[in-house]
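Working notes, beginning with the structure itself.
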Amino acid sequence: MSDALPPPEVTGWKAKLFGRAIHIYFALSRGMTMGVRAACFDAEGRLFLVRHSYMSGWYMPGGGVERHETVMQALEKELREEGNLRMTGPPQLFHVYLNKAASNRDHVVFYRVTVEQTEPRKSDWEIVECGFFPLDALPPGTTKATLRRLKELEGDVPPSHYW
């Protein structure tokens with residue numbers, strides 16, 4: 001048994017300073033990025049996809065989680081911005097993936113949601129095309145990752161841990 005005394009409890013401004021220093025250390029040493037993406041289905045069971053101006057292929061809508069933003073806030077924002085979509089029910093968390101294609105520290109939180117489009121989305125500098133597609137008639141150029149996620153959602157294959 002040791003005769004050493006436990007360290008004194010740190011309170012007040014010292015505790016706040018210590019806590020902030022620890023957060024900064026972890027942000028620098030263990031920093032990661034996080035994004036959200038969703039398989040968005042309308043009432044007819046069609047899947048919503050977007051085509052970006054800066055990447056080839058058709059993707060499920062999504063984007064990064066910003067500082068001071070919850071994952072749910074990011075999901076709502078991205079669906080609104082990329083498709084004028086509104087969730088009509090609670091989103092179902094499907095899986096969290098490591099996206100090594102982006103970096104060794106990027107994670108994607110993937111949801112399945114039912115949505116409605118509040119108005120058609122016009123093309124702009126980010127999204128050049130978007131729309132709802134029947135699952136048996138997805139557009140040419142639908143990305144391999146999108147197709148893999150759909151197989152996982154259907155239960156055809158177990159979820160991967162990598163995007």
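In full-length UniProt numbering, the protein residues as written are 1 to 163.
Just so you know, even glycine gets a beta-carbon here, dropped at the ideal spot from N, CA and C.
All of these numbers come straight from a predicted model, not from anything done at the bench.
Non-local beta-carbon contacts of E152 in its own chain, meaning distances under 6 Å to residues more than five positions away in sequence, involve P159 in chain order. Exclusion of the five residues before and after L75 leaves V36, A38, P91, Y111 as the residues of its chain whose Cβ lies within less than 7 Å of its Cβ. Under DSSP, D106 forms a beta bridge with T33. Linking E78 to G62 through their CA atoms gives a straight-line distance of about 5 Å.
Straight-line spacing of the CA atoms in T114 and W13 works out to 47 Å. For E129, there is no enclosing alpha helix (DSSP H); the enclosing beta strand (DSSP E) covers residues 127-133.
Contact between the segment 99-106 and the segment 135-144 is absent, with fewer than three C-beta pairs closer than 8 Å. DSSP, read as helix, strand or coil, puts L79 in helix. When secondary structure is reduced to three states using DSSP, L85 falls in the strand class.
A distance below 7 Å between beta-carbons, with the five flanking residues on each side excluded, links S123 to the following residues of its chain, in chain order: E129. Assignment of V71 by DSSP, reduced to helix, strand and coil, places it in the helix class. Between the alpha carbons of K144 and H68 lies a gap of roughly 32 Å. Out of M60, L17, T33, A43, the CA that lies nearest to the CA of R148 is found in M60.
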